[in-house]
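Chains as they are written, first to last, in the working numbering: chain L, 139 to 499; chain F, 139 to 499.
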């Protein structure tokens with residue numbers, strides 16, 4: 139299956155028309171890939187009603203010509219932004235949309251200077267990110283594969299989880315096995331955090347050794363053809379006491395409730411509220427210090443955000459995480475996270491590692 | 139040995155004074171780490187004559203309090219930039235330097251709005267990057283270790299280079315072994331590019347299998363405590379013909395000449411010119427399509443750039459790469475790269491894998 143590049147370009151063109159923009163300058167790299175198929179680490183695309191140009195530096199000319207579809211590849215002899223500016227200056231474009239959260243202040247001003255006065259730069263960030271929320275079947279297939287691989291590798295690595303293993307070594311094994319099994323990369327630096335460190339929601343894996351009677355949080359994700367998955371599991375080494383059991387059960391239940399809430403038509407903020415209510419019933423909501431989830435796709439954190447008050451409606455084709463956590467400073471933390479696709483009839487959990495099986499005696 | 143955070147902050151304060159800035163807003167993450175010791179993935183620091191504040195979101199409060207030195211840690215309840223804006227608004231700061239290449243246009247405008255009219259934002263990017271060009275002994279020690287580890291792992295992986303091995307598998311082995319031997323991460327996705335793919339200067343490792351009678355380029359680097367190394371070696375599988383030998387020898391010689399030119403007082407552009415002249419003597423300069431090198435430290439690409447016409451003078455304490463390459467479309471390419479520290483008396487090559495030993499019969 140090939141990425142429907144021409145469909146995406148056509149959709150974007152109609153969005154531009156509706157916004158009365160002559161061109162959109164695409165500078166955020168995942169958006170460049172999404173709209174052209176080019177996978178280099180640097181490049182800018184200009185898309186207008188009658189034309190589409192991909193600007194790359196000489197390192198990437200061959201690769202761009204090989205990968206990009208529906209665009210004319212132009213090798214920039216100077217800085218990319220200057221090439222874009224020069225092109226726009228000699229074009230008929232008057233209203234050009236730019237992504238003000240991807241372009242730096244310095245670059246924006248350089249572009250303004252290069253295009254001259256006749257051409258107006260307008261903030262139009264988020265257009266492509268909005269399109270990307272709805273995954274096409276090509277994308278869904280890749281995320282599904284990334285999620286499956288992530289789950290398989292976690293099941294594999296679970297066997298290495300024992301007192302004396304270091305967080306760092308487990309993280310290294312996770313990444314190695316993801317790649318050996320076909321991931322082109324990892325969606326983010328794998329987290330392995332044990333004992334009191336599991337109370338740090340974004341701890342990195344450290345040289346700490348695992349011990350009996352502590353939680354261990356694993357947060358990992360594969361990338362396949364640019365598409366990410368994201369999954370967290372928490373294990374307990376030894377025999378959990380009442381408090382540990384209570385926390386795990388609360389997070390487990392909150393996640394289940396959250397997943398059920400992920401349906402077409404629901405607002406993102408409502409999913410977050412559902413999860414918080416579930417934790418509040420156990421008086422643990424104050425220890426849930428981040429938002430409930432985020433979109434997953436070409437980026438491991440993308441639109442929509444599932445946080446307090448987020449108004450975005452969830453549609454079929456969205457892929458999001460649900461990831462409640464409870465973090466008790468000095469004691470430890472629990473987080474459970476799945477990547478979930480929203481189908482017409484409701485949620486489909488893509489990451490499949492069991493969650494009931496959390497105690498390693 | 140500890141990072142000399144207070145010395146760095148003092149140096150920056152004197153730079154601010156010279157520029158008549160009340161505060162500098164530090165938003166580029168490697169700069170935040172350099173000036174505070176905080177290693178989270180999100181945070182902003184404000185440094186002024188009499189104060190220093192580190193703004194982090196709730197995820198990072200504990201970690202920031204543990205790691206940061208010489209700053210007051212402030213937990214932002216809203217977006218970081220809003221917390222910074224609020225702080226500035228109630229302070230006496232009038233002239234605030236901001237990094238216009240790290241702040242997005244959208245964020246810059248949000249900050250402008252938050253600080254109000256009394257406070258002026260001024261472009262002051264590059265100040266910290268300028269300081270970072272000269273490595274202190276703490277930094278040099280870490281880069282030296284990263285370089286050594288990079289070389290050791292390459293020597294290890296060299297034994298796996300044979301027909302039938304895939305580029306991707308070799309890249310995975312490189313990353314696995316770097317981490318197993320103590321790297322906290324890789325400085326960039328390792329490149330393994332063979333045959334015609336070696337003519338793509340920034341090819342990613344693919345599923346292609348290595349064959350007899352082709353070049354294989356390896357570009358890799360370890361990170362240790364945040365500090366990177368960067369090394370490229372090219373091998374030939376089989377028996378190189380006259381053309382392959384001629385290209386390898388030309389790049390090998392150009393690199394040697396380049397390393398010799400890396401001395402205190404020389405301009406960066408002069409090193410680049412030396413390397414190009416060396417290739418020109420073999421009429422291969424037109425196939426050298428990128429610049430000769432770049433600084434290495436907290437980022438794998440940092441100041442200075444060693445390219446055409448770059449005026450920056452090289453000083454003792456700089457660490458740079460020298461990396462000529464020759465790329466023949468359809469045939470293959472050769473690149474040889476070392477990380478080189480500039481001492482008072484001249485260059486010290488930190489990456490130690492042999493370059494003479496390039497043929498695997």
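In this text, a Cβ means the ideal position worked out from N, Cα and C, and glycines have one as well.
**Request:** Run the CB neighbour count on residue 526 (chain L), radius 10 Å, all protein chains shown included, and call it buried at 16 or more, exposed below.
**Result:** Within the shown structure, residues of chain L are numbered from 139 to 499, placing residue 526 (chain L) beyond reach of any answer.
Which of helix, strand or coil DSSP assigns to residue 402 (chain F):
coil
Q. With a Cβ-Cβ cutoff of 8 Å, do residue 198 (chain F) and residue 428 (chain L) count as a contact?
A. no
Handout entry: Top-ranked residue by Cα proximity to residue 416 (chain L), from L:404, L:403, L:430, L:316
Key = L:430
Kindly say whether residue 171 (chain F), judged by its beta-carbon, lies nearer than 8 Å to any beta-carbon of chain L.
no
*Can you list the alpha helix (DSSP H) stretches of 4 or more residues lying completely in the region 349 to 421 of chain F, in chain order?*
Listed in chain order, the alpha helix (DSSP H) elements of length 4 or more contained wholly in the region 349 to 421 of chain F are 380 to 399, 406 to 418.
- Message: Residues of the region 330 to 351 of chain F in Cβ contact with chain L at a cutoff of 7 Å, in chain order, please.
- Response: 338, 339, 340
Given a cut-off of 8 Å on the beta-carbon distance, is the pair residue 210 (chain F) and residue 158 (chain F) in contact?
No, these two residues do not count as a Cβ contact at 8 Å.
For a test of the three-state rule: what should DSSP assign to residue 288 (chain L), helix, strand or coil?
Three-state result, residue 288 (chain L): helix.
Exercise for the section: Indicate whether at least one CB of chain L lies closer than 8 Å to the CB of residue 218 (chain F). Expected result: no
(request) Could you tell me whether the Cβ atoms of residue 386 (chain L) and residue 374 (chain L) are closer together than 8 Å? (result) yes
Using 8 Å as the threshold, is the C-beta distance between residue 231 (chain F) and residue 161 (chain F) below it? yes
- How about residue 325 (chain F) and residue 438 (chain F): do their beta carbons lie closer than 8 Å? yes
Subject >> Inter-stretch contact at 8 Å, needing at least 3 Cβ pairs: the region 406 to 420 of chain L / the region 480 to 496 of chain L >> reply: no
Legend entry - Three-state secondary structure (DSSP) of residue 139 (chain L): coil
Requested in this report: Measure from the C-beta of residue 238 (chain L) to each C-beta in chain F and report whether the shortest distance is under 8 Å.
Outcome: yes
Please give the ranges of any alpha helix (DSSP H) in the region 279 to 344 of chain F, keeping only runs that are unbroken, at least 4 residues long and fully inside the region.
Segments of the alpha helix (DSSP H) lying fully in the region 279 to 344 of chain F: 305 to 318.
8 Å Cβ cutoff, residue 459 (chain F) in contact with chain L:
no
query = Of the choices F:349, F:423, F:156, whose alpha-carbon is the least far from that of residue 235 (chain F)?
reply = F:156
Less than 8 Å between the beta carbons of residue 468 (chain L) and residue 378 (chain L), yes or no? no
inquiry  = I'd like to confirm something about residue 455 (chain L): is its beta-carbon nearer than 7 Å to some heavy atom of the ligand PLP, or not?
reply    = As presented, the structure is devoid of all ligands, the ligand PLP included, so that no description of it is given.
Mapping the DSSP letters down to three states, classify residue 180 (chain L) as helix, strand or coil. coil
Worksheet item: With distances taken between CB atoms, is the gap from residue 404 (chain L) to residue 358 (chain L) smaller than 8 Å?
Response: no
Query raised in the report: Going by Cα to Cα distance, which pick from L:380, L:180, L:487 is closest to residue 282 (chain L)?
Result: With distances taken between Cα atoms, residue 282 (chain L) lies closest to L:487.
- request: Note down, in chain order, each residue of its chain lying with its Cβ closer than 8 Å to the Cβ of residue 449 (chain F), except the 5 sequence neighbours on either side.
  value: Within the same chain, and ignoring the five residues on either side of residue 449 (chain F) in sequence, the residues whose Cβ sits closer than 8 Å to its Cβ are 405, 406, 407.
- Coil, strand or helix - residue 156 (chain L) by DSSP: helix
message = One question on the structure: do residue 396 (chain L) and residue 454 (chain L) come within less than 8 Å of each other, judged by their Cβ atoms?
response = no
| said: Three Cβ pairs or more, each shorter than 8 Å: is that satisfied between the region 266 to 275 of chain L and the region 168 to 177 of chain L? | reply: yes
*Outcome for residue 107 (chain F) when other beta-carbon atoms lying within 10 angstroms are tallied against a minimum of 16*: Beyond the ends of chain F as shown, which are 139 and 499, falls residue 107 (chain F); an answer cannot be given.
Closest Cα partner of residue 389 (chain F) within the set F:221, F:471, F:260, F:254: Distance check between residue 389 (chain F) and each of F:221, F:471, F:260, F:254 places F:471 closest, using alpha-carbon atoms only.
Proximity winner among L:220, L:216, L:154, relative to residue 190 (chain L) (alpha-carbon distances)
L:154
Near-chain F residues of the region 240 to 258 of chain L - C-beta to any C-beta below 8 Å: 240, 241, 242, 243, 244, 245, 246, 247
Check: What does residue 261 (chain F) touch in chain L if you count any residue whose Cβ is under 9 Å from its own?
Finding: For residue 261 (chain F), the residues of chain L that pass the 9 Å Cβ criterion are 243, 244, 247, in the order they occur in the chain.
### Query
How about residue 225 (chain F) and residue 184 (chain F): are their beta carbons less than 8 Å apart?
yes
* Relative to the C-alpha of residue 352 (chain L), which residue among L:371, L:367, L:376 is closest? -> Of the listed residues, the one whose Cα sits closest to residue 352 (chain L) is L:376.
What does residue 201 (chain F) touch in chain L if you count any residue whose Cβ is under 7 Å from its own? Scanning chain L for C-beta atoms nearer than 7 Å to the C-beta of residue 201 (chain F) yields 338, reported in chain order.
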